[in-house]
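Some notes on the structure that comes next.
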Amino acid sequence: MKLLYAHEHIACINYQPAKDALMEVLFLTAGEQSGLTSKEDKLLFVLEGSMEFSFGEYQDRLIDEGKALMIPANYTFTARVHEACRILVIRLAEPVALCDCFSLEKLLEACPPNYSYTLSYLGINDVLQNYLEQLAFCLDKELLCARFLKLKIEELFLLLRAFYTKEDLLDFFYLQLTGDMAFSRQVNSYYLKAKNARELASMLNYSYSGFIKRFNRVFNRPPYQWMKERKAHLIYHDINTTEKSMHEISQQYGFSSQGRFSDFCKQEFGILPKEIRLNRKKGNNPENIGNYE
């Protein structure tokens, strides 16, 4: 079956070229290495195959057929394919909710006392499988209407609301969740451009004192500590999974000298950056370096 009147769809103002679309299906061959980077949160559904991936502090994790993963904004996701993969990726370019009456933030109410997060996958059940296969079929036929894709994202979240427990969804979305999602998105969009908390407050048009109060309430820690932790996550990832030189990484994250960069890594990870990379090449980076692996 083919898409009828394709020229009319392509000429429509709502048509999204594949490279700009909110969704895409990727076919990856065994042994292939791939990566995703985005300013938005992404949902990744493995329809076939398996791969080993890394992002942030999570290194060399395995995900296989029938599982989904949420990748937070501003992280670089890298993967090495074990078995040939078919993957559906959805970009969350706008705020989403599970339905009109249940925001994602409400999942925090299902959070038990002393909850401890570990990276979690969502199992693809029969309802979600049927949805994904129909969506993949439409994408294959290049039905790339922006309105259609937005409706499919709404449908996805309604299906998640209807056919998954709040506990499962809490685990799946936890890296995205705060008590104030709008503020959280603003912070995540701008923090890499700011040198410090005062500069970030100015970018978001807050008084410094008002920013500190709201930040502490939403993230449960001072902005300096949070920004330092996020920087450490990204630095560890770049050292451990890319071929960037130490000089490149040092400059990318605003260090005034290589010595300051090395001191930062020693303080945060317990070892020097060159040792992290050497351990990676030997395949023996420890499971826990500071709090970042």
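Going by the numbering used here, the sequence shown opens with residue 400, and the numbers climb by one from there.
The beta carbon of each residue, even a glycine, is placed where N, CA and C say it ideally should be.
Note that the coordinates shown come from a computational prediction; the quantities given were computed from them, not determined experimentally.
H646 counts as exposed, since fewer than 16 other beta carbons sit within 10 angstroms of its beta carbon. Your pair L442 and C498 does not check out as a contact, with CB atoms roughly 17 Å apart and the cut at 8 Å. In the structure shown, L402 falls within a coil segment according to DSSP collapsed to helix, strand and coil.
For the pair Q575 and M469, the CB atoms are nearer than the 8 Å cut-off. By the C-beta criterion, the segment 670-678 is judged not to be in contact with the segment 484-492, since fewer than 3 inter-stretch pairs fall below 8 Å. Only residues of its own chain outside the window of five on either side were considered, and among them Y607 have a CB closer than 8 Å to the CB of R597, listed in chain order.
By alpha-carbon distance to P511, the top candidate from I523, R485 and K565 is K565. Only residues of its own chain outside the window of five on either side were considered, and among them Y474, H632 and H636 have a CB closer than 6 Å to the CB of G455, listed in chain order. Cβ-Cβ separation between G448 and C484: approximately 3 Å, consistent with a contact (criterion under 8 Å). For Y530, no beta strand (DSSP E) encloses it; the enclosing alpha helix (DSSP H) starts and ends at D525 to D539.
Under the three-state reduction of DSSP, G465 is assigned to coil, being neither helix nor strand.
Beyond the five residues adjoining it in sequence on each side, N524 comes within less than 8 Å, by CB distance, of F562 and Y563 in the same chain, given in chain order. Taking 8 Å as the upper bound for CB-CB distance, K418 and K540 are not in contact here, some 17 Å apart. For I412 and A420, the gap between their C-alpha atoms comes out near 13 Å. Beta-bridge annotation (DSSP): E482 is paired with S449. When secondary structure is reduced to three states using DSSP, A410 falls in the helix class. If you keep only unbroken alpha helix (DSSP H) runs of at least 4 residues inside the segment 581-640, you get 596-602, 607-618 and 622-640. Rounded to whole angstroms, the Cβ separation of Y652 and K630 is 6 Å, and the two are in contact under 8 Å. Secondary-structure assignment with DSSP links S502 through a beta bridge to A496.
The beta carbon of A535 is closer than 6 Å to those of V424 and L487 in its chain, skipping five residues each way along the sequence. Within the model, the alpha-carbon separation for S519 versus N513 is close to 17 Å. In its chain, beyond the 5 residues on either side, D637 have a beta carbon closer than 6 Å to the beta carbon of I648. A distance below 6 Å between beta-carbons, with the five flanking residues on each side excluded, links A478 to the following residues of its chain, in chain order: S433, M450 and F452.
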